[in-house]
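K.L.:
Next up is a structure, given as C-alpha cells.
There are 2 protein chains.
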Amino acid sequence: MFYLVSFDISDDRIRYRVVKELKGYGYRVQKSVFECPSMTEKRFLRLKDRLEMLIDWTTDSVRYYRLCRGCLRDVEVSGLGSAPDVEKYGMV
Amino acid sequence: MFYLVSFDISDDRIRYRVVKELKGYGYRVQKSVFECPSMTEKRFLRLKDRLEMLIDWTTDSVRYYRLCRGCLRDVEVSGLGSAPDVEKYGMV
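As given, the protein sequences belong to chains V and H, one line each in that order. Our numbering applies: residue -16 is where the first sequence begins, and numbers increase by one. Our numbering applies: residue -16 is where the second sequence begins, and numbers increase by one.
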C-alpha cells in the first residue's frame, strides 16, 4: 500500500522526531509531506501509533492518505520534484 | 473529483497568493495542504495553470493528488482536524 503522510507540528523537537520516524517509512517530498510506498497494514498501524505518542494533540496534526494504483498514477507536480513511480513500487 | 494539493513555497508573497488562489477551490486542512472536493477536469487545469504562473520553478513545488472514493474513505487523522466527509461531497 502507498501512503501520503502530511503533518503540521508546532514544536521543533517534536517535528524533528516525527520526521526521523517517517524517514524509516518513506521519502520526504515536501517539507511537511512524506510518501510511504511499501506499507503493510501492520507497518501503517505501527507508524501511526508512534506518531500519536510523539505529537501534541492540542496543537499538532498528522494526516494519512492511502493512494490506490489509479490515484497514484494521476499524481501531478508543478515546480521541483517528480510524481511517484508507480511501476517501481510494484503496486497491486 | 477530489484533489489534495500540497505546496512548498519559499517566498512569503508568492505563498500568500498561492493560498489565496487555493481558497477559491477548497479548504486548508494544514499549513501547506488543501483539500479541494468538487473539482472538474476544467477547474483542476485552471487551478494548475494559475499556480504554475505564480510559483518560482527553481525553488517551489506544488503536488496534486487526486483521491477516488475508496481512497477518500480511508483518510485518517491524528491530532487536530478531521477526515473529509465522503458523503457530503457526493463523490461518484
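Ideal placement from N, C-alpha and C gives every residue a C-beta, glycine not left out. Quick caveat: nothing in here was measured; it's all calculated off a predicted structure.
1) Is there at least one Cβ from chain H nearer than 7 Å to glycine 62/V's Cβ?
2) Report buried or exposed for leucine 55/H, applying the criterion of at least 16 other Cβ atoms within 10 angstroms of its Cβ.
3) Terminal residues of the continuous alpha helix (DSSP H) containing aspartate -5/V?
4) Just checking: is the beta-carbon of aspartate 32/H within a distance shorter than 7 Å of some beta-carbon in chain V?
5) How do the region 37 to 55 of chain H and the region 59 to 67 of chain V stand: do at least 3 beta-carbon pairs fall below 8 Å, yes or no?
6) Anything in chain V within Cβ reach of glutamate 59/H, meaning under 8 Å, just list it in chain order.
7) For a cutoff of 7 Å on Cβ pairs, would you count glutamate 24/V as touching chain H?
8) For the pair the region 9 to 19 of chain H and the region -12 to -3 of chain V, tell me if three or more CB-CB distances fall below 8 Å.
9) Would you call leucine 30/V buried or exposed, if buried means 16 or more other Cβ atoms sit within 10 Å of its Cβ?
10) Taking the Cβ atom as the reference point for each residue, do valine 1/V and leucine 34/V lie within a distance shorter than 7 Å?
11) Nearest to valine 16/V by CA position, among Met(-16)/V, Lys6/V and Asp(-5)/V, is which residue?
P.N.:
With the given structure in hand:
1) Chain H, which has a Cβ nearer than 7 Å to the Cβ of glycine 62/V, makes this yes.
2) By the 10 Å Cβ count, leucine 55/H comes out buried.
3) Note, aspartate -5/V: alpha helix (DSSP H), -5 to 6.
4) No, no contact with chain V.
5) Taking 8 Å as the limit for Cβ pairs, the verdict is that the region 59 to 67 of chain V does touch the region 37 to 55 of chain H.
6) The contacting residues are Lys31, Arg46 and Tyr47.
7) Chain H contact via Cβ: absent.
8) Short answer: they touch.
9) Per the 10 Å Cβ criterion, buried.
10) Closer than 7 Å, so yes.
11) The shortest C-alpha separation from valine 16/V is found at Lys6/V.
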